[in-house]
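> Sharing a structure, written as structure tokens. Questions coming.
2 protein chains.
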Amino acid sequence: MAETRPAPRRRRKEARPQELTAAALSLFVEKGFAATRLDDIAERAGVSKGTLYLYFDSKDALFKAVIQEGIVPALHAGEVLLDEYDDPLALLRAILLGWWERIGSTELGGIPKLMMSEARNFPDVAVYYQQEVIQRGTALLRKAVARGIERGVFRKVDPEAICSVLIAPLVYRAMWRHSFGPCCGQETDVAQYLHTYFDLVLNGLLAPAPGGDAQ
Amino acid sequence: MAETRPAPRRRRKEARPQELTAAALSLFVEKGFAATRLDDIAERAGVSKGTLYLYFDSKDALFKAVIQEGIVPALHAGEVLLDEYDDPLALLRAILLGWWERIGSTELGGIPKLMMSEARNFPDVAVYYQQEVIQRGTALLRKAVARGIERGVFRKVDPEAICSVLIAPLVYRAMWRHSFGPCCGQETDVAQYLHTYFDLVLNGLLAPAPGGDAQ
DNA sequence: TCTAAATTACTGACCAGTCAGTAATTAAAT
DNA sequence: ATTTAATTACTGACTGGTCAGTAATTTAGA
């Protein structure tokens with residue numbers, strides 16, 4: 001009988017917090033906050049439950065850490081695009097596609113699902129998230145849209161409302177991946193979905209003609 | 001000291017199941033399945049916890065009942081629209097607006113949020129929901145889109161993918177109402193949102209010109 | 001060594017589910 | 001009608017298991 005190795009029991013003060021929040025994120029997204037046990041998080045991270053309490057005061061504190069360190073860093077990447085692109089159409093495309101590639105298609109894509117599920121159980125985190133993530137992301141999108149309208153490239157639409165409408169299909173798809181996706185077989189092809197999405201919204205947004213009104 | 005009335009203790013065998021699932025739905029949507037106590041559901045419905053077990057075998061069974069009786073009836077309403085409308089544009093509008101008015105804007109609008117949150121904890125319910133609600137709803141939308149493409153009213157787009165893209169902004173908004181909505185102050189005006197939404201997607205979907213290509 | 005990191009064993013609150021009993025309703029008997 | 005018996009809807013105290021959080025102990029590294 002080969003006995004199971006007792007435990008390596010490494011000490012790695014620096015890397016731990018990341019490993020713990022990563023493990024917590026994936027389990028919170030999968031099962032929800034209340035249904036996730038700290039023992040499971042610890043096991044996935046390769047430590048014992050007690051170790052969790054060396055780095056986080058409580059399960060709630062762990063939740064907050066997951067949300068905070070998850071998304072905020074990814075926003076910088078979007079904001080620099082405003083200066084990188086001049087053409088409003090290319091800019092908008094880059095922002096939306098960037099969101100998908102950096103967040104939606106990664107593990108981070110579970111955060112919107114998690115945050116939506118738990119917003120009313122953690123009102124303070126929800127407010128934080130709404131201000132630091134949603135409003136900031138919306139502001140970014142709004143600038144891109146406004147620039148397009150100013151230059152006559154986009155039709156005149158309500159900039160505030162359009163932002164939600166634009167991001168919704170991407171968030172929706174990301175949430176799907178973390179809910180029905182694993183249960184209900186075949187997801188449609190991502191590339192096809194993105195293509196159809198951009199085709200619809202950009203076509204719906206573009207002013208009818210480049211110069212004045214003729215084709 | 002006027003003593004508190006002990007309890008009316010009404011007996012209403014017929015109405016109970018509805019009252020219980022209604023109470024359960026609103027609490028499940030608010031707190032999530034795991035974080036909702038049966039005592040709270042019972043209290044909101046004006047009965048004791050024991051009564052719950054006269055009508056449902058378990059907390060899980062109650063969840064399933066909430067989902068099943070919640071949405072399925074509302075689908076019929078959509079399916080009859082296929083025959084009521086001939087014009088594809090009006091049909092599509094009626095379907096999407098109908099979804100908002102019958103589901104999205106009502107208490108039922110919490111079900112997508114609930115189902116997304118709990119899909120991976122209830123794979124069998126998720127499969128049921130996916131087949132009986134999502135696929136059925138998608139099929140309905142697809143027919144409307146296909147009719148529009150056939151008649152040259154809509155541009156040629158992938159019918160499968162477009163359905164998700166079309167419904168996403170409505171579902172997203174409904175989920176918002178039940179998550180961030182109560183926490184984070186001002187929601188933008190619904191009418192304005194719907195107007196902008198229809199403006200974008202219908203404009204994005206319409207073929208460039210009625211007859212051939214000229215404006 | 002000796003300190004810090006991690007584990008293990010433990011506690012107590014909480015909650016799904018149970019069940020003996022009570023109140024309301026109906027039916028039967030006078 | 002009015003009491004009595006039988007039935008049915010409902011209650012709430014109780015139990016057993018679970019799990020967040022803690023305290024005692026062990027192990028790794030300087």
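These protein sequences, in sequence, are chains A and B. For the first sequence, position 47 (counting from the first letter as 1) is numbered 47 according to full-length UniProt numbering, and the numbering increases by one without interruption. For the second sequence, position 163 (counting from the first letter as 1) is numbered 163 according to full-length UniProt numbering, and the numbering increases by one without interruption. The C-beta atom is built at its ideal place from N, Cα and C for all residues, glycine as well. Small disclaimer: the values here were computed from a predicted structure and weren't measured.
#1: Bridge partners for PHE154 of chain B per DSSP, in chain order?
#2: Applying a beta-carbon distance threshold of less than 7 Å, which residues of chain A neighbour PHE180 of chain B?
#3: Would you please verify whether the beta carbon of LYS59 of chain B is less than 9 Å from any beta carbon of chain A?
#4: Cutting at 6 Å between CB atoms, please list the residues of its own chain near HIS178 of chain A, excluding the five before and the five after it.
#5: List the whole-angstrom C-beta distance separating ILE162 of chain A from LEU200 of chain B, where the pair is believed to meet the contact cut-off of C-beta under 8 Å.
#6: Would you mind listing the alpha helix (DSSP H) stretches within the region 73-152 of chain B that are 4+ residues and don't spill past its ends, in chain order?
#7: Are the C-beta of ASP40 of chain A and some C-beta of chain B separated by less than 9 Å?
#8: Assuming the contact rule is C-beta atoms closer than 8 Å, PHE154 of chain B and LEU205 of chain B should be a hit. Round their C-beta distance to whole Å, please.
#9: Going along chain A, which residues have a C-beta under 7 Å from VAL165 of chain B?
#10: Can you tell me the Cα-Cα spacing of LEU194 of chain B and MET175 of chain B, whole angstroms?
#11: Just to check my reading of the structure: VAL171 of chain A and CYS183 of chain B have Cβ atoms closer than 8 Å, yes? What is that Cβ distance to the nearest angstrom?
#12: Please determine, among B:GLU79, B:ALA207, B:LEU27 and B:ARG44, the residue with the shortest C-alpha to C-alpha distance to THR36 of chain B.
#13: Taking all protein chains shown into account, do 16 or more other C-beta atoms lie within 10 angstroms of the C-beta of GLY50 of chain B, making it buried, or fewer, making it exposed?
#14: Heavy atom of the ligand NAP less than 8 Å from the Cβ of TYR172 of chain B, yes or no?
#15: Roughly how many angstroms lie between the CA atoms of residue 225 of chain A and VAL80 of chain A, to the nearest whole one?
#16: Please classify GLN18 of chain A: is it buried, with 16 or more other beta-carbons within 10 angstroms of its beta-carbon, or exposed?
#17: So, LEU140 of chain A versus GLY78 of chain A, is the Cβ gap smaller than 9 Å?
#18: Compare the Cα-Cα distances from ARG16 of chain B to each of B:GLY46, B:PRO208 and B:GLN131 and report the closest residue.
According to the data block:
#1: Here residue 154 of chain B refers to the residue found at position 154 of the second sequence. Answer by DSSP bridge pairing, in chain order: B:LEU206.
#2: Counting from one through the second sequence, the residue named residue 180 of chain B turns up at place 180. Per Cβ cutoff of 7 Å: ALA119, ALA126 and GLN130.
#3: Locating residue 59 of chain B in the second sequence gives position 59, where the first residue counts as 1. No, LYS59 of chain B does not count as interfacial toward chain A.
#4: Working through the first sequence from its first residue, we reach residue 178 of chain A at position 178. Correct list, in chain order: VAL29, GLY110 and LYS113.
#5: Against the first sequence, residue 162 of chain A aligns to sequence position 162. Against the second sequence, residue 200 of chain B aligns to sequence position 200. Right, the Cβ-Cβ distance comes to about 7 Å (below 8 Å), so this counts as a contact.
#6: 88-99, 110-118, 123-129 and 136-150
#7: If you number the first sequence from 1, residue 40 of chain A lands on position 40. Judged by the 9 Å Cβ criterion, ASP40 of chain A is not in contact with chain B.
#8: Within the second sequence, the letter at position 154 stands for residue 154 of chain B. Within the second sequence, the letter at position 205 stands for residue 205 of chain B. So it is a contact: roughly 5 Å between Cβ atoms.
#9: As a first step, residue 165 of chain B is located in the second sequence; it is residue number 165 there, counting from the start. The contacting residues are PRO169, THR196, TYR197 and LEU200.
#10: Position 194 of the second sequence, counted from the first residue, corresponds to residue 194 of chain B. Position 175 of the second sequence, counted from the first residue, corresponds to residue 175 of chain B. Those two C-alpha atoms are separated by around 15 Å.
#11: In the first sequence, counting from the first residue as 1, residue 171 of chain A sits at position 171. In the second sequence, counting from the first residue as 1, residue 183 of chain B sits at position 183. Going by Cβ atoms, the distance from VAL171 of chain A to CYS183 of chain B rounds to 18 Å, so no, they are not a contact pair.
#12: Numbered from 1 along the second sequence, position 36 holds the residue referred to as residue 36 of chain B. If we check each option's Cα against that of THR36 of chain B, B:LEU27 comes out closest.
#13: As a position in the second sequence, residue 50 of chain B is number 50, starting the count at 1. That one is exposed.
#14: In the structure shown, the ligand NAP is absent, as is every other ligand, since no ligand is present at all.
#15: Missing from the structure shown is residue 225 of chain A; chain A here goes from 1 to 215 and no further.
#16: One-based indexing of the first sequence puts residue 18 of chain A at position 18. Exposed.
#17: Position 140 of the first sequence holds residue 140 of chain A. Position 78 of the first sequence holds residue 78 of chain A. The answer is yes: Cβ separation under 9 Å.
#18: Taking the second sequence and counting its residues from 1, one reaches residue 16 of chain B at position 16. Among B:GLY46, B:PRO208 and B:GLN131, the Cα nearest to that of ARG16 of chain B is on B:GLY46.
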